[in-house]
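Worksheet for the structure shown next.
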Amino acid sequence: MRHKWTYRNRSPGRPRTDREIEQLVLRLARESDWGYERIEGELLKLGITVSHETVGSILERHEIPPVAEREPSLSWRHLMTHYKDQLLAWVHGASKQCLAYSTSPTSDVGVGSLRTQHSISDSG
8 MRHKWTYRNR SPGRPRTDRE IEQLVLRLAR ESDWGYERIE GELLKLGITV SHETVGSILE
68 RHEIPPVAER EPSLSWRHLM THYKDQLLAW VHGASKQCLA YSTSPTSDVG VGSLRTQHSI
128 SDSG
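If you count by our numbering, then the sequence shown holds residues 8 to 131, one letter each, in order.
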């Protein structure tokens, strides 16, 4: 007797996430310090609906640990130590300019002349 129904051989469970989305999840995780939910939110902004559990299973499948277990990014520390001298010179120069502007003779003369005019008009 012939079988009435024929079924395709499918693996049980939900189908896997598209390869492009999986690659994007991996890239976001490797290039940032974002957790599962933040990656989920960023993908949602792009119109891609993926749960944070799916993001977690993708990262787990590729042996990327949760954000709490990853090594922190050293980019900010590297920036600060590498450009320390330039940043300090810039800040020092900017503070000198602000100080020079606030104590310049032209700004004092302008304020003094306003006070003089104001006091003359009040007494007259």
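Beta carbons are placed, not taken as given, at the ideal position from N, Cα and C, and that holds for glycine. Since the model is a prediction, treat every value here as computed from it, not as a measurement.
Taking DSSP as the reference, what is the three-state secondary structure of residue i?
i, result
"H59", "helix"
"Y90", "coil"
"G100", "helix"
"L85", "With the sequence shown as reference, residue 85 is identified as His, and Leu is not the correct amino acid for it. Helix, per DSSP."
"S64", "helix"
"E76", "helix"
"E70", "coil"
"G20", "coil"
"R15", "coil"
"G42", "coil"
Measure the beta-carbon distance from residue i to residue j and round it to whole angstroms, keeping in mind my assumption that it falls under 8 Å.
i, j, result
"I55", "L33", "Wrong, their Cβ atoms sit about 14 Å apart, outside the cutoff."
"E47", "H59", "4 Å"
Let me confirm a value: residue i is counted as buried when at least 16 other C-beta atoms fall within 10 Å, else exposed. Which label applies?
i, result
"A36", "buried"
"Y90", "exposed"
"T61", "buried"
Short of 8 Å in beta carbon distance, which residues of its chain neighbour residue i, apart from the five on each side in sequence? Order them along the chain.
i, result
"P19", "none"
With 8 Å set as the bound, which would you pick, yes or no: does the beta-carbon of residue i sit closer than that to a beta-carbon of chain C?
i, result
"I46", "You won't find chain C in this structure, because it holds only one protein chain."
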